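Peer 1: Before I ask anything, let me first share the structure, which is written out below as structure tokens.
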Amino acid sequence: MVSTGGAFSALSSNIYFPAINTISKDLGVSATDVGFTITVYMIVQGIAPSLYGSISDSRGRRIAFVIALVVYLAANVSLAFTSNLAMLVVLRGLQAAGSAATISISTGVIADIEEPDERAGFMGTNAGIRMIGRAIGPVIGGLLNSAWGFRSIFWFLFVFSALVLLGLLVFLPETQRMIAGNGDVPLRGLYKPWSYYFQPPKEWRNAPVSPAPKLEKLSWKTIIEPLTYILRMDILVLLSWGALVYTIWSMVTSSTTTVLLKTFPDLTQWQVGICFPPNGIGCVFGSVCTGRLMDRAFKRAQTRYKEEHGLANVNVKSQHDFPFERARMSLMPYFSVVIFIVSMALYGPSYDFNDLRRHFAGNLVASLGLQFIIASTATAIFNINSTILVDCFPDNSADATATNNLCRCLLGAVGVSVIQPMIAKLKIRNAFLVLTGIAVLFSPLVWVQW
């Protein structure tokens, strides 16, 4: 349920891409101007979770979810009546303020309910469900745009988010441990799901009435404090590499419509839309597989730790010398240096290959296949980073995720704003080879972290 709520960030971003040309014609502006709304979306997407993360960690997951989705609902209704570029820019920022926060909140819920040895699998599943929006969003967007125009996209998002909000209000209990304990503390007020009024949990039957929880005071200090995580050198290195990979992947995704229409100008809007799923499916695949692989690696590290220290059982939370990062990062060099960089090196030239063949038979298999691999490995890197951060800051998991999101989205916004001019000046092949070179230049960060 929380993963579905967390899907709105990726869904809102990607459902929009097939309609870029339609929006530019309808509003009488250039595609570059419409592309600026993507940059604004990503900037707000990076900043907003820092506020919501603090609310989530100090006031509870349910309250933060409700606030975020109400903001998102209001933004979608307003976007459906957009009549000029200024409205579109402002309202897309408001939409991002609502949707982006759901990622850090859903991660906080996972941290509340799962122990470290099983957390990676749930984090991967959580990310995989969220990424389904990235896979199907462009297809839905292309179909809606072709049938009823781009405004129908925002009506669809409004209805879908209203249903998810209703589901959360009815079924999702508060999980924040300061408020809910281990699930045995009777909830009340906004923390109590509506379904519990009809059938409360068995654990509550003999439990005494709980006093109102003593919550941490929400202040600017609590909002800004997570930014100090960046001052830790290991966290800085981790966030830097993750942000760079996110930026390159975002540049690949956001430029897909432009690159396709430059290479195959006869493609229709809905055909462009169905070219996006390989990227989204790659995200789902990378998320789910990485979670399972990390759980296995973590359990192997636990076994080695117990053997080395002669322990029959170990609670890794209490062991300060347990190698959390090494346990989580065993797969990082393969995903980062081998698969991601090699795929990026082949991606740009793959369009030259398609260009040579388009007079005989349009062939997008190579390019879209590489998008699948790039998305899979990029998402794997994101999941490894996110899980390590939650391990390092288990009591402030939403704040840690928000800080990660801030670094990725701000750098990603810069990348998205320059990819179109890069393609125009350098051509498709050279633009992506430059990005590959940047990835190679910063790849030693992986070994530093390792």
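Just so we're aligned, residue 922 is where the sequence shown starts under our numbering, counting upward by one.
Cβ coordinates follow ideal geometry from the N, Cα and C atoms, glycine included.
Because the structure is a prediction, the values reported are computed rather than measured.
Hey, could you find the ends of the alpha helix (DSSP H) residue 1214 is sitting in?
Peer 2: The residue given as residue 1214 occupies position 293 in the sequence shown. Start and end: 1198-1230.
Peer 1: What first and last residue would you give for the alpha helix (DSSP H) that runs through residue 1004?
Peer 2: In the sequence shown, residue 1004 corresponds to position 83, counting from 1. Where residue 1004 is concerned, there is no enclosing alpha helix (DSSP H), given that its DSSP letter is neither H nor E.
Peer 1: Grab me the residues of residue 1291's own chain with a C-beta within less than 7 angstroms of its C-beta, minus the 5 sequence neighbours each way, in chain order.
Peer 2: Start at 1 with the first residue of the sequence shown, and residue 1291 comes out as number 370. Contacts found: 1264, 1267, 1268 and 1271.
Peer 1: Looking only at its own chain, which residues have a Cβ that is under 7 angstroms from the Cβ of residue 1050, when we skip the five neighbours before and after it?
Peer 2: Reading the sequence shown from its first residue, position 129 is the one you call residue 1050. Cβ neighbours of residue 1050 beyond the five flanking positions: 924, 925 and 928.
Peer 1: Given that a residue counts as buried once 16 or more other Cβ atoms are within 10 Å of its Cβ, and exposed if not, what is residue 966?
Peer 2: Translated into the one-based positions of the sequence shown, residue 966 becomes position 45. Per the 10 Å Cβ criterion, buried.
Peer 1: Is the region 1325-1345 close to the region 954-966, with three or more CB pairs under 8 angstroms?
Peer 2: Contact between the region 1325-1345 and the region 954-966 is present, because at least three Cβ pairs lie under 8 angstroms.
Peer 1: In chain order, what residues of the same chain lie with their CB nearer than 8 angstroms to the CB of residue 1182, ignoring the 5 residues before and after it?
Peer 2: On the sequence shown, position 261 is the one that residue 1182 refers to. Only 942, 1188 and 1193 meet the Cβ criterion.
Peer 1: Do you know offhand how far residue 1085's Cα is from residue 930's?
Peer 2: The residue labelled residue 1085 in the question sits at position 164 within the sequence shown. The residue labelled residue 930 in the question sits at position 9 within the sequence shown. If you take the alpha carbons of residue 1085 and residue 930, they lie about 14 angstroms apart.
Peer 1: Less than 7 angstroms separating the beta-carbons of residue 1200 and residue 1078?
Peer 2: Within the sequence shown, numbered from 1, the residue matching residue 1200 stands at position 279. Within the sequence shown, numbered from 1, the residue matching residue 1078 stands at position 157. Their beta carbons are not under 7 angstroms apart, which means residue 1200 does not touch residue 1078 by this criterion.
Peer 1: Hey, how far is the Cα of residue 1150 from the Cα of residue 1347?
Peer 2: Locating residue 1150 in the sequence shown gives position 229, where the first residue counts as 1. Locating residue 1347 in the sequence shown gives position 426, where the first residue counts as 1. Approximately 38 angstroms, taken between the alpha carbons.
Peer 1: Hey, residue 1006 and residue 947: beta-carbon distance below 7 angstroms or not?
Peer 2: Within the sequence shown, numbered from 1, the residue matching residue 1006 stands at position 85. Within the sequence shown, numbered from 1, the residue matching residue 947 stands at position 26. Not closer than 7 angstroms, so no.
Peer 1: How many Å lie between residue 1258 and residue 1361 at the Cα?
Peer 2: Working through the sequence shown from its first residue, we reach residue 1258 at position 337. Working through the sequence shown from its first residue, we reach residue 1361 at position 440. Taking the straight line from one Cα to the other gives about 8 angstroms.
Peer 1: What number of angstroms, rounded off, separates the C-alpha of residue 1021 from the C-alpha of residue 1287?
Peer 2: Sequence index remark: in the sequence shown, residue 1021 carries index 100 (1-based). Sequence index remark: in the sequence shown, residue 1287 carries index 366 (1-based). Approximately 32 angstroms between the Cα atoms of the pair.
Peer 1: Report the three-state DSSP secondary structure of residue 1344 (helix, strand or coil).
Peer 2: The count along the sequence shown starts at 1 and reaches residue 1344 at position 423. The answer is helix: DSSP assigns residue 1344 an H, G or I state.
Peer 1: Classify residue 1205: buried if its beta carbon has 16 or more other beta carbons within 10 angstroms, exposed otherwise.
Peer 2: To locate residue 1205, count along the sequence shown from 1; it is residue 284. It counts as buried.
Peer 1: Counting Cβ pairs closer than 8 angstroms, one from the region 1057-1071 and one from the region 982-996, do we hit at least three?
Peer 2: Not touching, per the Cβ criterion.
Peer 1: Taking the CB atoms as reference points, tell me whether residue 1019 and residue 989 lie closer together than 7 angstroms.
Peer 2: Sequence index remark: in the sequence shown, residue 1019 carries index 98 (1-based). Sequence index remark: in the sequence shown, residue 989 carries index 68 (1-based). Yes. Within cutoff.
Peer 1: What would DSSP say about residue 1329, mapped onto helix, strand or coil?
Peer 2: For the purposes of this step, residue 1329 is taken as residue 408 along the sequence shown, with counting starting at 1. Residue 1329 falls in the helix class under three-state DSSP.
Peer 1: Nearest CA to the CA of residue 1172: which residue from 1008, 1296 and 1156?
Peer 2: Residue numbering aside, residue 1172 sits at position 251 when the sequence shown is read from its first letter. Taking only the C-alpha atoms, the option nearest residue 1172 is 1296.
Peer 1: Are three or more beta carbon pairs between the region 971-980 and the region 1022-1030 nearer than 8 angstroms?
Peer 2: Yes, the region 971-980 is in contact with the region 1022-1030.
Peer 1: Do the CB positions of residue 1001 and residue 1075 come within less than 7 angstroms of each other?
Peer 2: As a first step, residue 1001 must be located in the sequence shown, where it is residue number 80. As a first step, residue 1075 must be located in the sequence shown, where it is residue number 154. In contact: residue 1001 and residue 1075 (Cβ atoms closer than 7 angstroms).
Peer 1: Under 6 angstroms Cβ to Cβ from residue 1300, same chain only, skipping five residues before and after it: list those, please.
Peer 2: Stepping through the sequence shown from its first residue, residue 1300 is reached at position 379. Only 1204, 1207 and 1208 meet the Cβ criterion.
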